[in-house]
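Beneath this line is the structure, given in structure tokens, with notes to follow.
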Ligand SMILES: [Zn+2]
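Chains as they are written, first to last, in the working numbering: chain A, 1 to 351; chain B, 1001 to 1319.
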């Protein structure tokens, strides 16, 4: 079923992603990219119908940090606003639904993460089952490594193939001025075997913002809007021992609902923080070698947690805006081992 | 007024520590109490599968499931990952393998640590058994870890009542996260000025309001505050409350007064304690000034200046 309204991404901006941004508070990091997307479209805060953000206080250990970040929007007189304690891709989903219902015609979506303040591997253990998992503090790299070993045991990949994904991603990132790791590099030692340093994302800080608009408004604001043809998100069981870690049924289901399999895509921006997770996603999304996967470098080149998924949607949209893609898939993930997955299909009109 | 210059970055350690007290459902309660008694329980789903660790609801159908069975303390590794540098709160202090283990009699796997000499000795399919913790309280950590085991397969699954003496009904899960806090440009400038006993706000270039303390952005206009403006030192109490409850770790006699104080030149009131005056004589419009203590990096409190009270009209916009 096609969406009830035509909604497009009309602007996208992201910060340079850096290992440390000690000199910046969160609002100081976010504000410049909010100004960038507004100036790309010529909109003012007062023109925006709905604002939605994604972040988590746990990353930098700052209670209610999202209300501080809102200072960068200019929220007076009061604006219609919401926040998700999730990756900004889910904030974009909320904004899309808001526009589909007719309650708004434009939306500003942003997300940010400042992983440098804490130990992100430990912080992410706090999202796990508090009874059976969190007391063991299984960190994000360790859980991804369990998934990688399951893939190796199943014959779906091996260490050289994973190294190839790392090299391809970071080579692609050479064309991405915002990337934290641009250019191929040695795989390094095992961080948690079978994953080496090169199989894991960099730790860093960054932010991203997107503007959505409906129908003719989108055409006024952008020369070639990236129309959202479908978007859906699904979740697998929480317990890792219940899941088949070599597959991602929730990604496949979300893709079916988003219309991915109706016609081939030419580009896919996948939110795969670990090389092994690209293997799972390619299988679930039935992507063959004709598809350009992560031309931005993906999460292996820059992983500002909470913004990485929104950046995948923004990067896919940017390729439609500049004419390098006509039909792109964007994917975002959340939770351990690709637990929850969002898939969007973006299209440009014939050039 | 001076133009902002790049400050030296301030940093301070920040520890966020919290004990979560969580109640257990009937299935979780039976499972965790069972661990205390060296008994591993699973739960049977509608289609006959045994889930270990057990949950209250079927992860596929969402059906309520209560049919408990006992499984063996032995099992098989279904996947593993070698962790060469254990992190602070992980189950073992020496290098170990994370493992998912399907216990004999179970259809799903449980996550835990495996104590093994090195990655060469671990593989998928390895037979393991539970090593029980010496001190067991009814928590997942009652399993100290798994260890390789070449003995016979444990006893097959059998029905279990799930009843034990003194059932565990809740857990207290402590959590500690360590951060390095850095406050950003605007707050760094503010804190640096405070250490010289000056209160410096920042002006919005668009609406010209002076924010104290500054946070880097004008929340009305959504732009960066640019100019530093020294305000005060004196100010006006715009509103206040009388505190009658003694805060933990705070060495101040109750009752005391906590107020909003609009420093002269500021367009936003800041918070501060008001002293040097009986609590029941503090009033709106009272003129106050900061009191600094030896070595203090911010005003200890504010005290009356002795000036006449400010007119209500002079501060009503700042309440
Ligand atoms: Zn302003």
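Glycine included, every Cβ here is placed at the ideal spot set by N, Cα and C.
Here the structure is a predicted model, which is why all the values come from computation and not from measurement.
- Boundaries of the alpha helix (DSSP H) around residue 169 of chain A: 159 to 172.
- Distances from the alpha-carbon of residue 1132 of chain B to those of B:1034, B:1011 and B:1017 put B:1034 closest.
- Secondary-structure assignment with DSSP links residue 227 of chain A through a beta bridge to A:8 and A:347.
- Relative to ligand 1, the beta carbon of residue 1206 of chain B is positioned inside 6 Å of a heavy atom.
- For a cut-off of 8 Å, the C-beta gap from residue 1041 of chain B to residue 1069 of chain B is around 7 Å, short enough to register as a contact.
- Within chain A, 60, 61, 117 and 118 have C-beta atoms less than 8 Å from the C-beta of residue 1179 of chain B, given in sequence order.
- Contact with chain B is absent for residue 110 of chain A, since none of that chain's Cβ atoms lies less than 7 Å from the residue's Cβ.
- A:314 is the residue among A:44, A:133, A:314 and A:323 whose C-alpha sits nearest the C-alpha of residue 93 of chain A.
- Taking the C-beta atoms as reference points, residue 226 of chain A is found nearer than 7 Å to residue 320 of chain A.
- With fewer than 16 other CB atoms across the displayed protein chains lying within 10 angstroms of its CB, residue 1250 of chain B is exposed.
- Residues of chain A whose Cβ lies closer than 7 Å to the Cβ of residue 1171 of chain B are, in chain order, 131.
- Sequence-distant partners of residue 75 of chain A (beyond 5 residues in either direction) whose C-beta falls short of 7 Å from its own C-beta, in its chain, are 81.
- Between the C-alpha atoms of residue 1180 of chain B and residue 120 of chain A there is a straight-line separation of about 12 Å.
- Residue 1071 of chain B and residue 1129 of chain B have their alpha carbons spaced roughly 12 Å apart.
- Nearest in C-alpha terms to residue 1237 of chain B, of all of B:1248, B:1285, B:1268 and B:1230, is B:1285.
- Set against 6 Å, the gap from the CB of residue 200 of chain A to the closest heavy atom of ligand 1 is not smaller.
- Taking a Cβ-Cβ threshold of 7 Å, none of the residues of chain B is close to residue 306 of chain A; the smallest such distance is about 16 Å.
- Taking 8 Å as the Cβ-Cβ cut-off, the segment 232 to 260 of chain A approaches chain B at 237, 238, 239, 240, 241, 242 and 245, given in chain order.
- Bridge partners of residue 197 of chain A according to DSSP: none are assigned.
- By the CB criterion at 7 Å, residue 59 of chain A and residue 1184 of chain B fall outside the cutoff.
- In chain order, 1175 make up the part of chain B whose C-beta sits under 7 Å from the C-beta of residue 126 of chain A.
- Neighbours of residue 1142 of chain B in chain A, taken as residues at a C-beta separation under 8 Å, are lacking, since the least C-beta distance is about 10 Å.
- DSSP lists B:1096 as the bridge partner or partners of residue 1083 of chain B.
- With a cutoff of 7 Å on beta-carbon distance, residue 118 of chain A and residue 42 of chain A are scored as not near each other.
- Within the same chain, Cβ atoms closer than 7 Å to the Cβ of residue 215 of chain A are found at 5 and 6, the five residues on either side in sequence being excluded.
- In this structure, A:13 is the residue among A:8, A:13, A:325 and A:96 with its C-alpha nearest to the C-alpha of residue 40 of chain A.
- DSSP, read as helix, strand or coil, puts residue 304 of chain A in coil.
- The segment 233 to 240 of chain A makes no contact with the segment 271 to 279 of chain A, as fewer than three CB pairs between them are under 8 Å.
- By the rule that beta-carbons nearer than 7 Å mark a contact, residue 1009 of chain B touches chain A.
- Contacts with chain B (Cβ-Cβ distance below 9 Å) from the segment 170 to 200 of chain A involve 189, 190, 191, 192, 193, 194 and 195, listed in chain order.
- Under the rule that a run must span 3 or more residues, no beta strand (DSSP E) segment is found entirely inside the segment 82 to 107 of chain A.
- Ligand 1 has no heavy atom closer than 6 Å to the beta-carbon of residue 45 of chain A.
- Just so you know, the alpha carbons of residue 1269 of chain B and residue 1215 of chain B end up roughly 14 Å apart.
- Neighbours of residue 1092 of chain B across chain A, judged by C-beta separation under 7 Å, do not exist; the nearest C-beta is about 10 Å away.
- Around the C-beta of residue 1244 of chain B, fewer than 16 other C-beta atoms lie within 10 Å, and the residue is accordingly described as exposed.
- Close to residue 1111 of chain B, with beta-carbon spacing below 9 Å, are these residues of chain A in chain order: 132, 133, 136, 138, 143, 146, 239, 240 and 241.
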